[in-house]
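Remember, the working numbering sits 224 above the position in the sequence shown when you count from 1. In this text, a Cβ means the ideal position worked out from N, Cα and C, and glycines have one as well. What you are looking at is a predicted structure, and each value in this text was computed from that prediction instead of being measured. The structure under discussion appears below in the form of structure tokens.
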Amino acid sequence: MHLALFGRWTKTLNLEVLHDFQAYLAAEGIAYSVHADYLTQLGEHGIELTGYSRVFETPEELSGVDFLLSLGGDGTMLDAVRFVGPLGLPIVGVNAGRLGFLASVSQYEIKAATADLARGAWRLDPRTMLTVETRPERKFKQCNYGLNEVTLHKANSNEMITIRTFINGEFLNAYWADGLIISTPTGSTAYSLACGGPIIAPTSGVLVLTPIAPHSLTVRPVVIADDAVISFELESRSGQSLVAVDNLTELVDRHTEVAVRKAPFTANLVRLPSRTYFATLRGRLNWGLDLRN
């Protein structure tokens, strides 16, 4: 088995756990590679990794790797999914950050999780991705797809924007609001949830459109089939708006055409026996918690 470590430095990373994990990999004869940026970040904090097979910088260098371990928080998981892209490499989220909803394996469980991977006690959890197209084209750091959501948002704090929205070319609504979130089922527990959107199980073949602070009491989230093409016309007093794909943002002007659709590939997350979606929902988001009981 060959692992790839992809991570982001966090103050909550337990160095003893990391060193113990290196010793475990050596003892078990498990090869691993390290992303160059993560190796640099660790080095800047005086942390040295030993025993790795190679250092990789691009997805093309992941040939022969069985699993990519994302070591950090949920933001690191979004980076990892974006890095792997359409390769389909299984990704294990190891939480060394705060929330750990996507990165559901605790850093203290990393050895047990690796043992599960080695003995085949895991399953693939494919997740819908979104891709955004803009005309004129915006690069989003050379990446136009994301796991959680595409967000259209006002560029200035003292204005609202109008978002004329079309589903497969048919006019849906003109949202007058701070913005609009187009969320996957995975992203339904992120920004969309904070704006009043519903929780959607990951295997549901739908997307949800959730307005951000709409200037109307009658505007509510809408759930649509995920094979739809959603297009937008943006209007604002300043003539500019923001388009974000997960945590990558581009500033666009009023003449920019925007379309969002389901990506032609999925993010292949790994689920281990001790980590189910609904258990994570209850544990990480306190879903259903009633302090009276």
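Enclosing alpha helix (DSSP H) for residue i [first to last residue]
| i | result |
| --- | --- |
| valine 318 | Run containing valine 318: none in the alpha helix (DSSP H); it sits in the beta strand (DSSP E), 315 to 319. |
| serine 381 | Per DSSP, serine 381 belongs to no alpha helix (DSSP H) and is neither H nor E. |
| tyrosine 262 | 260 to 268 |
| leucine 417 | 415 to 418 |
Rounded C-alpha distance that separates residue i from residue j
| i | j | result |
| --- | --- | --- |
| lysine 235 | histidine 479 | 43 Å |
| glutamate 281 | glutamine 265 | 14 Å |
| histidine 215 | threonine 413 | Past the edges of the chain, shown from 225 to 517, lies residue 215, and the structure says nothing about it. |
| leucine 249 | serine 287 | 19 Å |
| methionine 353 | alanine 255 | 30 Å |
| alanine 491 | serine 381 | 34 Å |
| proline 310 | arginine 516 | 46 Å |
| alanine 483 | valine 279 | 37 Å |
| leucine 273 | tryptophan 233 | 13 Å |
| glutamate 433 | lysine 486 | Checking the sequence, you will find leucine at residue 433 rather than glutamate. Taking the straight line from one Cα to the other gives about 14 Å. |
| methionine 301 | glycine 429 | 22 Å |
| serine 416 | valine 374 | 10 Å |
| isoleucine 518 | alanine 251 | Any answer about residue 518 is impossible in this case: the structure gives the chain only from 225 up to 517. |
| alanine 247 | valine 241 | 10 Å |
| glycine 507 | proline 426 | 17 Å |
| threonine 504 | glutamate 268 | 33 Å |
| serine 455 | proline 409 | 19 Å |
| aspartate 402 | serine 440 | 12 Å |
| glycine 270 | arginine 362 | 38 Å |
| glycine 512 | methionine 384 | 34 Å |
8 Å contact criterion, which residue i and residue j should meet: CB distance rounded
| i | j | result |
| --- | --- | --- |
| asparagine 559 | valine 329 | With the chain covering only 225 through 517, there is no way to say anything about residue 559. |
| valine 305 | valine 467 | Contact doesn't hold; Cβ gap of about 19 Å is too wide. |
| leucine 472 | isoleucine 436 | Between isoleucine 436 and leucine 472 the Cβ distance is about 18 Å, and since that is not below 8 Å, they are no contact. |
| proline 438 | glycine 421 | Actually they are not in contact, since the Cβ atoms of proline 438 and glycine 421 sit about 12 Å apart, beyond 8 Å. |
| valine 494 | phenylalanine 291 | 7 Å |
| glutamate 481 | threonine 358 | 7 Å |
| glycine 344 | glycine 324 | Contact doesn't hold; Cβ gap of about 24 Å is too wide. |
Under the three-state DSSP convention, the category residue i falls into
| i | result |
| --- | --- |
| aspartate 470 | coil |
| glutamate 284 | helix |
| lysine 486 | strand |
| tyrosine 276 | coil |
| isoleucine 390 | Residue identity check: residue 390 is phenylalanine in the sequence provided, not isoleucine. The answer is strand: DSSP assigns phenylalanine 390 an E or B state. |
| phenylalanine 456 | strand |
| valine 447 | strand |
| glutamate 361 | coil |
| glutamine 464 | strand |
| phenylalanine 502 | helix |
| threonine 338 | helix |
| proline 350 | strand |
| leucine 396 | strand |
| leucine 475 | strand |
| alanine 345 | coil |
| arginine 306 | helix |
| glycine 411 | helix |
| glycine 507 | helix |
| glycine 299 | helix |
| leucine 493 | strand |
Residue nearest to residue i in terms of C-alpha spacing, selected from the options
| i | options | result |
| --- | --- | --- |
| proline 350 | Gly275, Leu509, Leu458 and Tyr501 | Tyr501 |
| leucine 475 | Pro488, His439, Asn372 and Lys378 | Lys378 |
| asparagine 397 | Ser407, Thr442 and Thr375 | Thr442 |
| aspartate 261 | Phe230, Thr408 and Arg343 | Phe230 |
| leucine 293 | Ile405, Leu326, Glu373 and Ser462 | Leu326 |
| tryptophan 400 | Glu457, Asp298 and Thr338 | Glu457 |
| serine 277 | Val289, Leu341 and Pro497 | Val289 |
| leucine 348 | Arg499, Asp514 and Ala503 | Arg499 |
| leucine 295 | Gly270, Arg322, Glu284 and Pro283 | Arg322 |
| glycine 370 | Pro497, Gly297, Leu341 and Gly411 | Gly411 |
| alanine 418 | Gly324, Leu509 and Phe245 | Leu509 |
| glycine 299 | Leu513, Glu481, Asp470 and Trp511 | Asp470 |
| glycine 275 | Asn238, Leu227 and Ile454 | Leu227 |
| glutamate 394 | Val453, Thr358, Glu383 and Thr408 | Val453 |
| isoleucine 448 | Asn368, Arg461, Ser407 and Trp346 | Ser407 |
| leucine 496 | Ser465, Pro283 and Ala339 | Ala339 |
| aspartate 450 | Cys367, Gln464 and Phe489 | Phe489 |
| glycine 312 | Glu284, Ile334 and Ala337 | Glu284 |
Start and end residues, beta strand (DSSP E) containing residue i
| i | result |
| --- | --- |
| histidine 188 | Past the boundaries of the shown model lies residue 188; the chain is included only from 225 to 517, so the question cannot be answered. |
| leucine 242 | It is not in any beta strand (DSSP E) - leucine 242 instead sits in the alpha helix (DSSP H) that spans 239 to 252. |
| serine 294 | 291 to 296 |
| leucine 198 | The requested residue 198 does not occur in the structure, where the chain is confined to residues 225 to 517. |
| leucine 431 | 430 to 436 |
is_contact[residue i, chain C] using C-beta, thresh 8 Å
| i | result |
| --- | --- |
| leucine 417 | Here there is only one protein chain, and chain C is not present. |
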